[in-house]
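Structure record follows, encoded as structure tokens.
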Amino acid sequence: MPIKAKICGINHPEALTAAADGGARYIGLVFFAKSPRNVSLPLAAELARMVPTGVRTVGLFVDPTDDFLDQALAQVPLDLIQLHGGETPERVAAIRAAHRLPVMKALKVETAADLDAASAYEAVADILLFDAKPPKDSILPGGNGVAFDWTLLTGRRWSKPWMLSGGLTPDTVAEAIRISGADAVDVSSGVEDRPGHKDPALVRAFLEAIRAVA
20 MPIKAKICGI NHPEALTAAA DGGARYIGLV FFAKSPRNVS LPLAAELARM
70 VPTGVRTVGL FVDPTDDFLD QALAQVPLDL IQLHGGETPE RVAAIRAAHR
120 LPVMKALKVE TAADLDAASA YEAVADILLF DAKPPKDSIL PGGNGVAFDW
170 TLLTGRRWSK PWMLSGGLTP DTVAEAIRIS GADAVDVSSG VEDRPGHKDP
220 ALVRAFLEAI RAVA
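Residues in the sequence shown are numbered consecutively from 20, following my numbering.
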């Protein structure tokens, strides 16, 4: 089965084209002001209109207010809401019900105990995303270029689809898939030539590495 890929933090057309043409299944747009990948709503709307049929547009939010979600969804055609903050299962369920869109919930992992939190979200999220816990000095909840121990996922099963993230690069993604058993992966900083700027060549290399695994 082909490995599905999400390229997150797209903020310019060249990177989006490289991702879509290379076979990415998901395009991620970041709505978090502190991130170097943050996009304005008008730019996000422009980029979303470029996403081809069959590729899903994902909006990444960090503990968003209802007002901001309403604004974003009124302007940007999204297929999926990604929640990457400290949202509780109750908050995830409320957002999903209010906006009638599937929701991906990111869970921050450092130890096996962190995976136990996943069970509380299985009933309310459509996709689980396992990302590395950010360094203590980071203001970003994700996109820090940090990996966690992929063996923590070996042999684990959940009732919902899941995706692996955290420190993946064109050079490491094949091993990460082999060890974790992931059939979907998410990358952000690992395909950048500087913080917040996706390098189309690295995007293509990442997607080629995934195809080689499949």
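Cβ atoms here follow ideal geometry from the backbone N, Cα and C, with glycine treated the same way. It should be emphasised that the depicted structure is a prediction, and the values quoted were computed from it without experimental measurement.
Does DSSP put residue i in a helix, a strand or coil?
i, result
"V111", "helix"
"F80", "strand"
"V95", "coil"
"V165", "coil"
"V232", "helix"
"V192", "helix"
"H216", "strand"
"A144", "coil"
"F225", "helix"
"D89", "helix"
"G41", "helix"
"E106", "coil"
"A117", "helix"
"D133", "helix"
"V58", "coil"
"R75", "strand"
Measure how close the beta-carbons of residue i and residue j come, nearest whole angstrom, since I'm counting them as under 8 angstroms.
i, j, result
"I29", "I46", "5 angstroms"
"H103", "V81", "5 angstroms"
"A64", "G78", "Contact doesn't hold; Cβ gap of about 11 angstroms is too wide."
"A39", "V74", "5 angstroms"
Can you list, in chain order, the residues of its chain with a C-beta nearer than 6 angstroms to that of residue i? Leave out the 5 residues immediately preceding and following it.
i, result
"R115", "V122"
"T72", "none"
"T188", "G209"
"E33", "P219"
Can you give me the C-alpha to C-alpha distance between residue i and residue j, rounded to a whole angstrom?
i, j, result
"A125", "H216", "22 angstroms"
"F87", "A93", "10 angstroms"
"G42", "A224", "11 angstroms"
"A142", "A113", "12 angstroms"
"G105", "D190", "31 angstroms"
"L172", "F51", "28 angstroms"
"L148", "D98", "16 angstroms"
"R175", "A131", "11 angstroms"
"K25", "D89", "24 angstroms"
"I100", "M182", "14 angstroms"
"W177", "T107", "18 angstroms"
"L62", "A228", "29 angstroms"
Note down, in chain order, each residue of its chain lying with its Cβ closer than 7 angstroms to the Cβ of residue i, except the 5 sequence neighbours on either side.
i, result
"V232", "I22, A193 and I196"
"A144", "V111, V122, M123, K124 and K179"
Applying the criterion that 16 or more other CB atoms from any shown protein chain within 10 Å of the CB defines a buried residue, is residue i buried or exposed?
i, result
"P219", "buried"
"D212", "exposed"
"P83", "buried"
"T170", "exposed"
"S138", "exposed"
"A117", "exposed"
"S184", "buried"
Cβ of residue i less than 7 angstroms from any chain C Cβ?
i, result
"P121", "Protein chain content of the structure displayed is limited to a single chain, and chain C is not contained in it."
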